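Read through the structure below, which is laid out as structure tokens, and then see the notes.
2 protein chains.
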Amino acid sequence: MMNKLITLQSRPQGLPTDETFAVKEAPVRQPEENEVVVKSIYLSVDPYMRGRMSAAKSYVEPYRIGEVIEGGGVGEVVESRSEQFKPGDKVLGMLNWQLYSVHNGSQLRKVDDQVAPLSAYLGVIGMTGLTAYFGLMDIGRPKAGETVVVSGAAGAVGSIVGQIAKIQGARVVGIAGSEEKTKWLTEQLGFDAAINYKEEADLSAAVGQACPQGVDVYFDNVGGAVTDAVMNHLNDYARIPLCGSISAYNDASGKSDIGPRPYVKLIKTRSLMKGFVLGEYMDRLPEGAKALGQWLSEGKLRYEETIFEGFDRMPEAFMELFNGSNIGKMLVKVD
Amino acid sequence: MMNKLITLQSRPQGLPTDETFAVKEAPVRQPEENEVVVKSIYLSVDPYMRGRMSAAKSYVEPYRIGEVIEGGGVGEVVESRSEQFKPGDKVLGMLNWQLYSVHNGSQLRKVDDQVAPLSAYLGVIGMTGLTAYFGLMDIGRPKAGETVVVSGAAGAVGSIVGQIAKIQGARVVGIAGSEEKTKWLTEQLGFDAAINYKEEADLSAAVGQACPQGVDVYFDNVGGAVTDAVMNHLNDYARIPLCGSISAYNDASGKSDIGPRPYVKLIKTRSLMKGFVLGEYMDRLPEGAKALGQWLSEGKLRYEETIFEGFDRMPEAFMELFNGSNIGKMLVKVD
């Protein structure tokens, strides 16, 4: 069986390009005792992967040049030497950017497409939904009646953050980059207001107008000028979960991430800001999965996916994340 | 009895000047039932007062034009219509920038100059010591063996922060603005290293060299370029109590507080940053006072004071805070 995989050919300076990636073919190795072979069905592309393409130290190891790009996926067991899995089982795991992968069974989790569509295990009830849940509930801690602002609000994480905040009784304002997105937030997801940051000459004033009671929680996925604008409207004791800073990820020089320092504002409002990743909540995943699954089954959570068809389009799908072309979770359906 | 008081004449743009203040005279009003008249002995000048001279919203009300400048002090009861106080009692309270003040007894706390010198109730065992204690212990949470960096390290708060961190078993690095200060930190207070930021061409490299294991706690009193340099060396899960940002307080335009945004660094290290003021810990003051008093009596805490003599020098003493001319707590001895 021939495998196809996408490797990191070179570390990007600025935006990734076609030069960043290489497609390789190699035979799938035979599974050993307790191992299974999985055929990829959906593979995930996520903004955090940009960080791993750089050599800089971060919370996960950088990808290595010439090796397959790591990432989550959902697939089907096609060969098994493990007692826990049989061919046909659907599984979630680090399938990486490849058609087939060989795993020790302990690294995989069985998923049930009767409970939720397979793709949802990568999104609303998977990594991005759980990231939204823990960042908002553990750091943001919204209370009924408070105002929650979410940047990157139409993305896989932001769209879930806003809906969870609504479930908590908060007033929710989303910031996104197109009218299609802001309409989706207010008309489909129940956000109280949404701002298209690309159309606002004075973004800070727009945030002030959308948040007449100020901002109690700011869930940040983008950083940069959007965050500068929100920081002008913090209420006392605001909480700011820092989930992502996508505006800065492709900055090769580091120089464009210059802006107002937030320190005085944080002191004056006695606010809390914390960077986080889902990995910090490994021992609480069942709690998050249970809550998300229940809200989903009760119809309280809606989600959207942007799905590119065809394995070869993985680099394209990944690069489109930085053009903001996705609504909801960005996925590649392998074939 | 004639009183002398210093009022806010105009809101400063940038550094306060003589125009900021006016000296007035007025008779001391007669105490009513339960009131006492206090003669000021030591009055406190603190960087946070700069914030109250601006009209902008913050955690305390702005000072009002034409009214006495509010602040803490230690004095002696000279007339009493309260059963709780008798003439000669030494008291701590909001005596404000004036020779005499009239108080309801409930607003004052008796202090004992046999337990500690009167001036210490404004510093090491008073507001600045307690600020150091709660910011470090509640937000910074240093563990033995960790590296704690303190900016404004020779100031009233910073010098106590570093010593408490040493008591907790941390390695402590101070950043201050003169060789006299850095020598005092390492030779008198037991800091492991100290950096004179005015003499470093590459401050970030100097921090890196002084912190070979990275920075676990950064207690920030100054903000600006000093903070930028420290942020390059955060360890995973660093904690950053934001106590002050003196480098930005006198910036009239707001434009000079532009620098590297910290968001990506906070995410990569999953660090926590929180602005705080002592007022958040009102219900825990006895805990802090007990710990500070005990360490002081055990000889584990040393402190310095810079004392200007003469009530008329209050504005000068206040303005000197921003020149960095004080070591330890800045006070005015009234006469």
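In the order they appear, the protein sequences are chains A and B.
For the first sequence, full-length UniProt numbering assigns the number 1 to the initial residue and increments by one for each residue that follows.
For the second sequence, full-length UniProt numbering assigns the number 1 to the initial residue and increments by one for each residue that follows.
Glycine included, every Cβ here is placed at the ideal spot set by N, Cα and C.
In this text, all values refer to a predicted model and were calculated from it rather than measured experimentally.
Chain B contact residues for residue i, given Cβ-Cβ distances below 7 Å
i: D257(A); result: P260, R261, V264
Closer than 8 Å at the beta carbon, the chain B residues around residue i
i: M273(A); result: L266, L272, M273, K274
i: D220(A); result: Y263
Any chain A beta carbon closer than 9 Å to residue i
i: T17(B); result: no
i: D228(B); result: yes
i: C243(B); result: yes
i: G169(B); result: no
i: A56(B); result: yes
i: G73(B); result: no
i: G51(B); result: yes
Cβ shell of residue i (< 7 Å), same chain only, five flanking positions each side left out
i: E19(A); result: Q9, S10
i: W97(B); result: L5, I6, L43, V68, I69, G71, M314
i: I167(A); result: W295, K300
i: P12(B); result: T20, M53
i: T131(B); result: V157, C243, L278
i: G88(A); result: E76, V77
Partners in chain A for residue i, counting only beta-carbon separations shorter than 9 Å
i: Y59(B); result: D236, I267, K268, T269, R270
Closest by C-alpha distance to residue i, when choosing among the options
i: T269(B); options: C243(A), R284(A), M282(A); result: C243(A)
i: P142(B); options: P241(B), K39(B), K57(B); result: P241(B)
i: M273(B); options: V277(A), L266(A), L278(A); result: L266(A)
i: A153(A); options: K333(A), K329(A), V334(A); result: K329(A)
i: I41(A); options: V102(A), F311(A), L321(A); result: F311(A)
i: A26(A); options: V102(A), F219(A), M94(A); result: V102(A)
i: S245(B); options: G169(B), L285(B), V157(B), K39(B); result: V157(B)
i: E305(A); options: P260(A), V332(A), G279(A); result: V332(A)
i: G140(A); options: S271(A), Q30(A), K24(A), V28(A); result: S271(A)
i: F28(A); options: P47(A), M49(A), N3(A); result: Note on residue identity: the sequence assigns Val, not Phe, to residue 28(A). Taking only the C-alpha atoms, the option nearest V28(A) is N3(A).
i: D236(A); options: G224(A), V149(A), R50(A), G214(A); result: G214(A)
i: P31(B); options: V217(B), M94(B), G105(B), P286(B); result: G105(B)
i: D335(B); options: A165(B), E316(B), G88(B), F308(B); result: F308(B)
i: F219(B); options: I164(B), S178(B), D283(B); result: I164(B)
i: A317(B); options: Y197(B), R50(B), L95(B); result: R50(B)
i: Y133(B); options: M282(B), P117(B), N323(B), L321(B); result: M282(B)
i: E287(B); options: D138(B), H233(B), P262(B), K183(B); result: D138(B)
i: L285(B); options: G259(B), F322(B), G135(B), P212(B); result: G135(B)
i: G275(B); options: E298(A), G275(A), V264(A); result: V264(A)
i: residue 336(B); options: Y303(B), V149(B), K183(B); result: Not covered by the structure: residue 336(B). The range shown for chain B is 1 to 335.
Close beta carbons around residue i, own chain, < 6 Å, minus the five adjacent residues each side
i: L92(A); result: V74, R109, V111, Y121
i: M319(B); result: P16
i: P62(B); result: R52, A55
i: G293(B); result: I125
i: D257(A); result: A248, D251
i: A22(A); result: T7, Q9
i: K39(B); result: G75, E76, V78, Y100
i: V222(A); result: S151, G152, I246, S247
i: Y59(A); result: V277
i: D216(B); result: E146, T147, N235, A238
i: G66(B); result: T7
7 Å Cβ cut-off: residues of chain A touching residue i
i: E280(B); result: R270
i: V277(B); result: R270
Sequence-distant residues of the same chain with beta carbon closer than 8 Å to residue i, five excluded per side
i: E180(A); result: I327
i: L185(B); result: A153, A154, S159, G162, G174, A176, F191, A194
i: D113(B); result: K90
i: A144(A); result: Q168, G169, A170
Closer than 9 Å to chain B by CB, residue i
i: T224(A); result: Checking the displayed sequence, the identity of residue 224(A) turns out to be Gly instead of Thr. Yes, its Cβ sits closer than 9 Å to a Cβ of chain B.
i: Y133(A); result: no
i: V149(A); result: no
i: G158(A); result: no
Under 9 Å from the C-beta of residue i: neighbouring residues of chain B
i: A248(A); result: R261, Y263, V264
Inset, instruction - Indicate whether the contact test is met: 3 or more Cβ pairs, each with one atom in the stretch 125-132 of chain A and one in the stretch 178-193 of chain A, closer than 8 Å. - result: no
Inset, instruction - Spell out a yes or no on whether the stretch 27-37 of chain B and the stretch 79-86 of chain B are touching, meaning 3 or more CB-CB pairs, one atom from each, closer than 8 Å. - result: yes
Legend entry - Cβ contact (3+ pairs, closer than 8 Å) linking the stretch 198-214 of chain B and the stretch 223-233 of chain B: yes
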